[in-house]
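Asker:
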Amino acid sequence: MPPAKTKNQHIWLTRPTYTTLLATIIMLDLAWPSAMLALAATLLWNIWVGRAKKRRLPPGPLRLPFVGNLLQMPSTDAWETYLAWKDVYGDVIYLEVLGAPIVVLNTYQACVDLLEKRSDIYSDRPRNVVGNKIMGWDKSVVTAPYGELWKRYRRIAAQSLRKEAVPQFYPGQEREIARFLGSLLTRPEQFVEIFRLAAARSLLKAMYGIDLACEHDPMITTAEQAMEAAVFAAQPGNFLVDFFPILEKVPSWLPGTGWKRYAQRGKELTDDMVNIPFNRTVDTMKAGYYEPSFTSINLEKKEDREIVKWCSATMLAAGTDTSVASLHTFILAMLLHPTVQKRIQAEIDDAVGPGRLPTMADSPALPYLNAVVRELMRWEPVSPIALPHRLTQDDVYNGYLIPQGTVVIANSWAISRDSALYDEPEVFDPERFLPIFDKSIVHESIGAPMDPMLYSFGYGRRICAGKSYAESMTFTSIARLLATFDINREKDEYGRDIVPLRKFKSSVVR
Numbered sequence: 000m001p002p003a004k005t006k007n008q009h010i011w012l013t014r015p016t017y018t019t020l021l022a023t024i025i026m027l028d029l030a031w032p033s034a035m036l037a038l039a040a041t042l043l044w045n046i047w048v049g050r051a052k053k054r055r056l057p058p059g060p061l062r063l064p065f066v067g068n069l070l071q072m073p074s075t076d077a078w079e080t081y082l083a084w085k086d087v088y089g090d091v092i093y094l095e096v097l098g099a100p101i102v103v104l105n106t107y108q109a110c111v112d113l114l115e116k117r118s119d120i121y122s123d124r125p126r127n128v129v130g131n132k133i134m135g136w137d138k139s140v141v142t143a144p145y146g147e148l149w150k151r152y153r154r155i156a157a158q159s160l161r162k163e164a165v166p167q168f169y170p171g172q173e174r175e176i177a178r179f180l181g182s183l184l185t186r187p188e189q190f191v192e193i194f195r196l197a198a199a200r201s202l203l204k205a206m207y208g209i210d211l212a213c214e215h216d217p218m219i220t221t222a223e224q225a226m227e228a229a230v231f232a233a234q235p236g237n238f239l240v241d242f243f244p245i246l247e248k249v250p251s252w253l254p255g256t257g258w259k260r261y262a263q264r265g266k267e268l269t270d271d272m273v274n275i276p277f278n279r280t281v282d283t284m285k286a287g288y289y290e291p292s293f294t295s296i297n298l299e300k301k302e303d304r305e306i307v308k309w310c311s312a313t314m315l316a317a318g319t320d321t322s323v324a325s326l327h328t329f330i331l332a333m334l335l336h337p338t339v340q341k342r343i344q345a346e347i348d349d350a351v352g353p354g355r356l357p358t359m360a361d362s363p364a365l366p367y368l369n370a371v372v373r374e375l376m377r378w379e380p381v382s383p384i385a386l387p388h389r390l391t392q393d394d395v396y397n398g399y400l401i402p403q404g405t406v407v408i409a410n411s412w413a414i415s416r417d418s419a420l421y422d423e424p425e426v427f428d429p430e431r432f433l434p435i436f437d438k439s440i441v442h443e444s445i446g447a448p449m450d451p452m453l454y455s456f457g458y459g460r461r462i463c464a465g466k467s468y469a470e471s472m473t474f475t476s477i478a479r480l481l482a483t484f485d486i487n488r489e490k491d492e493y494g495r496d497i498v499p500l501r502k503f504k505s506s507v508v509r
């Protein structure tokens, strides 16, 4: 009986295997000439069906035997290469690396069609030996395999960090941003390091109820190092063992196994990042003198300790990195576009006045600032490509086969550069998003352009649970920074402005 057809499954003709055919020949005592003829027919059938499948794969660069597209894979800024390939191969591009299938989605519509409308089969994550299996990130809500355990992770994270719950974290964000501004007065050249501390402190308070007295507390440095190792491990191609898992069995003393020491060190950092702040919160709860936090509230609800532990740690590590990247992008934008800075400051002066610092409550009165935040997301996305998804069964899209096990990469950079969505996409123009926040403005086209919030925090069931927290942290940081400081270019020895380069590191988070 042929297999039943499911909702999102394309059924191919069932192919006889060589083992089944040989067993049938033996049982029926067929003559060997007939057996050879049957085997030859089976071989031809498999070759024909295999080629038929290959003909139906999405277009992509020419693949070489065995290595596939390995030699063509970009080592840096992959999103830009994928965008360039879009003009040659189309919206959906097929690649293979050492036999592993990869599909790149270069349009928002393709991302919605597959990662959202078919999220039941596109929500898994790629198997990652170093990052997931050895370092332990398969227990994180971000990178855990799709299944019942992940759904439990997601439920807890989504409930505690939903838009309606995030205002409870505003006071902590505002306090740490105020401390950041105070430190900036004496150390403006260290703004990235100082803000990283503020973002981490805010998250430690929100996730664990912990107040840090020391700038160089090991909890912060450990989380930074653990996240750095995880990001490196998550990038395809950095470790051969992710393509050939059998290499995990190779003894550590053999040449070429330095990755094992790296992975073990990453595991130690990850264990400390997950356990140290969690255990401190548990100790304060036992002593009876703790403040409400994500961890304490969920432990009081009797939620699974491991899930609570990993949700908190993931928010601390990932939230710090993305918050810092957002502010870094903002500083660059203001240095390149000083007139935008002046307009934001004028809006803050009119809406808030000089007597206090802005808060999230002022957001409705600051439409231009909100538009700037959206344009920052679009102009230089913090994550130009989303964390990859993995397809759990064969699927067909626009007549093309996408095989089971395919790693699916959503190219958010390509979406942000889509001229069908945005006029002059390379231009930094916050006014394009003003109609979202100021309903008195009628856009020249029908409504406002696509809101970058729709693709800046992931896709489908894997969308970031902490996006509302991240949005409020970015808004409050920018509003308070420009309410108290001017951002000016450095001068050269002749007193001329030094125009900064628009250049970012090539990483999962820039």
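Quick note: the sequence shown uses numbering that gives the first Met the number 0, first residue 0, plus one each step. Beta carbons: idealized from backbone N, C-alpha and C, even for Gly.
1) Mind checking who LEU94 pairs with in its DSSP beta bridge?
2) Rank PRO276, PHE474, ARG377 and ALA109 by C-alpha distance to the C-alpha of MET218 and give the top, closest one.
3) Check the DSSP bridge columns for ARG389 and list the partner residues they point to.
4) Bridge partners for LEU184 per DSSP, in chain order?
5) For the 8 Å Cβ check, are there 3 or more pairs between the segment 405-415 and the segment 461-476?
6) For the alpha helix (DSSP H) that contains ILE306, what are its first and last residues?
7) Here's the rule I'm using: 16 or more other beta-carbon atoms within 10 Å means buried, otherwise exposed. How should SER362 be labelled?
8) Using DSSP with H/G/I as helix, E/B as strand and the rest coil, what is TYR81?
9) In the structure shown, what three-state DSSP assignment does LYS6 receive?
10) Could you tell me the boundaries of the alpha helix (DSSP H) in which ILE219 lies?
11) Give the straight-line distance between the Cα atoms of ALA99 and ALA262, rounded to the nearest whole angstrom.
12) Leaving aside the five residues before and after LYS204 along the sequence, list all residues of the same chain whose C-beta is less than 6 Å from its C-beta, in chain order.
13) With a threshold of 16 other CB atoms inside 10 Å of the CB of ILE155, please say whether the residue is buried or exposed.
14) Taking MET513 and ALA229 to be in contact with their CB atoms under 8 Å, please state how far apart those CB atoms are, rounded to whole angstroms.
15) How long is the line joining the alpha carbons of LEU352 and SER418, rounded to whole angstroms?
16) Report, in whole angstroms, the separation of the C-beta atoms of VAL191 and VAL323, which I expect to be a contact under 8 Å.
17) If you reduce the DSSP assignment to three classes, tell me which class LEU500 lands in.
18) Can you tell me whether DSSP reads LYS490 as helix, strand or coil?
19) Helix, strand or coil for TYR396? Go by DSSP, reduced to three states.
20) Ordered along the chain, which non-local residues of its own chain (more than five positions away) have a Cβ less than 6 Å from that of SER311?
21) Put ILE155 into one of helix, strand or coil per three-state DSSP.
22) For PRO58, count neighbouring C-beta atoms within 10 Å of its own C-beta (all shown protein chains included) and say buried if the count is 16 or more, exposed if not.
23) Tell me, please, whether the segment 369-389 touches the segment 426-437 by the rule of three or more beta-carbon pairs shorter than 8 Å.
24) Specify, as a first and last residue, the run of the alpha helix (DSSP H) that ALA286 falls within.
25) What is the DSSP secondary structure of GLY459, reduced to helix, strand or coil?
26) Among MET226, ARG178 and ASN237, which residue has its Cα nearest to the Cα of GLU214?
27) Which residue marks the beginning of the alpha helix (DSSP H) containing GLU470, and which one marks its end?
28) Considering only residues of the same chain and omitting the five flanking positions on each side of MET35, which have a CB-CB separation below 7 Å?
29) Could you check the C-alpha separation between LEU239 and TYR288 for me, to the nearest Å?
30) Would you call the CB atoms of SER201 and GLU175 closer than 8 Å?
31) Please state whether DSSP places LEU211 in a helix, a strand or coil.
32) Determine the extent of the alpha helix (DSSP H) in which GLY377 is found, giving its start and end residues.
33) Taking 8 Å as the cut-off, decide whether the C-beta atoms of LEU481 and ILE343 are in contact.
34) Can you tell me which of PHE484, ARG461 and LEU183 puts its alpha carbon nearest to the alpha carbon of GLU115?
35) Measuring straight from C-alpha to C-alpha, what distance separates MET226 and SER139?
36) Keeping to the same chain, check which residues put their C-beta closer than 8 Å to that of PHE522; ignore five residues upstream and five downstream.
Answerer: Considering the structure as presented:
1) ILE101
2) Nearest C-alpha to MET218: PRO276.
3) ASP123 and VAL406, per the DSSP bridge assignment.
4) DSSP lists no partner for LEU184.
5) no
6) It spans 304-335 - the alpha helix (DSSP H) in which ILE306 sits, taken as one unbroken run.
7) buried
8) Helix, per DSSP.
9) Note on LYS6: pLDDT 39, under 50, position unreliable in the model; the coordinate value appears next. Under the three-state reduction of DSSP, LYS6 is assigned to coil, being neither helix nor strand.
10) 217-233
11) 22 Å
12) These residues qualify, in order along the chain: GLY171.
13) buried
14) Outside the shown range of the chain, which is 0 to 509, sits residue 513, and nothing can be said about it.
15) Reading the sequence as shown, one finds Gly at residue 352 and not Leu. Rounded to whole angstroms, GLY352 and SER418 show a C-alpha spacing of 38 Å.
16) The C-beta distance from VAL191 to VAL323 rounds to 6 Å, short enough to meet the 8 Å contact threshold.
17) DSSP places LEU500 in coil when its eight states are reduced to three.
18) strand
19) strand
20) MET206, PHE293 and THR294
21) Correct three-state label for ILE155: helix.
22) exposed
23) yes
24) If you look at ALA286, you'll find it in the alpha helix (DSSP H) that goes 257-286.
25) GLY459: helix per DSSP, three-state reduction.
26) ARG178
27) 466-483
28) Note that MET35 scores 47 on pLDDT, short of 50, meaning its location in the model is unreliable; the coordinates nonetheless yield the value given after this. There are no such residues.
29) Between the alpha carbons of LEU239 and TYR288 lies a distance of about 49 Å.
30) yes
31) coil
32) The sequence as given places Arg at residue 377; Gly does not occur at that position. Taken as a continuous stretch (DSSP letters only), the alpha helix (DSSP H) holding ARG377 covers 366-378.
33) yes
34) The residue with the shortest Cα to Cα distance from GLU115 is ARG461.
35) 12 Å
36) The requested residue 522 does not occur in the structure, where the chain is confined to residues 0 to 509.
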